[in-house]
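Engineer: To start, I am sharing the structure in question, which I have written as structure tokens.
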Amino acid sequence: MSDNMGRTAAAMLGEQIGFVHGTLEQMLNDVSPEVANAPSAGLARSIGSYYAHILLSEDLAVQAVLQGKAPLFVSTFAGKTGFDEPVPADPSQWMAYASSAGSDVSSSREYAQAVYAATDAYMASLTDEKLAEEQDLSSFGFGTQKRSWVLSTFVLTNCAWHTGEIACLKGNHGLKGYPF
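The opening position of the sequence shown corresponds to residue 63 in the numbering used here, with each subsequent residue numbered one higher.
Pasting the structure below:
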């Protein structure tokens, strides 16, 4: 499948993922360490915690789930993610950790760029046929889904949702949320 400009579904999904990455990173430019880790009212997490969750979830989805590789957070970036606690060695604890970790946003940005680059490289390697292949996600409680579902849910939508939450939290600190 291609659009009227000849772009494949994989290429269009890759462009959308690139857009949410860019929006998130622009939005974090004025976030100080104090604001990033300030506790939020109610049940919301800190900006740093949402940032850690976005990065860890994407790294886990693209590297481990879709490619069967070690995530960057336990390989190239082991101990260098900028998160407030080390990533657990036990893979069964990674999802829970991704939902609770905090982050020094400025220190985590190098890890973020590596995660984005790995995602971009993976997206560039995909054909529409590969995008339509099924992936067993029963260990995560999602049954069998297409690769496109994994990417649109755990990478694109997850980043977009939490970027919106970060924008709201920035507003609570008197900062402009979205960069546009």
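By construction, the Cβ of each residue, glycine as well, lies at the ideal position given by its N, Cα and C atoms.
Report back the beta-carbon spacing between residue 90 and residue 209 to the nearest angstrom; my notes put them in contact at under 8 Å.
Structural biologist: So it is not a contact: roughly 28 Å between Cβ atoms.
Engineer: To test your reading of the DSSP string, which unbroken alpha helix (DSSP H) runs of 4 or more residues are found completely within the region 127 to 190?
Structural biologist: 156 to 160 and 167 to 187
Engineer: Buried or exposed: where does residue 230 fall if 16 or more other Cβ atoms within 10 Å of its Cβ makes it buried?
Structural biologist: exposed
Engineer: What residue does the alpha helix (DSSP H) around residue 227 start on, and which one ends it?
Structural biologist: Per DSSP, residue 227 belongs to the alpha helix (DSSP H) from 220 to 234.
Engineer: Can you tell which of 182, 233, 108 and 235 has the C-alpha that lies nearest to the C-alpha of residue 77?
Structural biologist: Residue 77 has its Cα closest to that of 182, out of 182, 233, 108 and 235.
Engineer: Closest to residue 211 by C-alpha separation, out of 222, 195, 225 and 81, would be which residue?
Structural biologist: 195
Engineer: Return helix, strand or coil for residue 120, following the three-state DSSP convention.
Structural biologist: helix
Engineer: Check each candidate in 234, 213, 69 and 152 and name the one with the smallest Cα separation from residue 104.
Structural biologist: 234
Engineer: Return the CA-CA distance between residue 116 and residue 220, expressed in angstroms with no decimal places.
Structural biologist: 7 Å
Engineer: Can residue 167 and residue 240 be called in contact, C-beta distance under 9 Å?
Structural biologist: no
Engineer: Do you know whose CA, among 145, 121 and 100, lies nearest residue 134's CA?
Structural biologist: Looking from the CA of residue 134, the closest CA among 145, 121 and 100 belongs to 121.
Engineer: Secondary structure at residue 196, three-state DSSP: helix, strand or coil?
Structural biologist: strand
Engineer: Do you know how far the Cα of residue 223 is from the Cα of residue 204?
Structural biologist: 19 Å
Engineer: Would residue 111 and residue 163 be called neighbours here (beta carbons separated by less than 9 Å)?
Structural biologist: Contact flag set, yes.
Engineer: Count the other CB atoms, across all protein chains shown, that sit within 10 Å of the CB of residue 131; report buried if there are 16 or more and exposed otherwise.
Structural biologist: Flag for residue 131 reads exposed.
Engineer: Going by DSSP, which residues form a beta bridge with residue 208?
Structural biologist: 196
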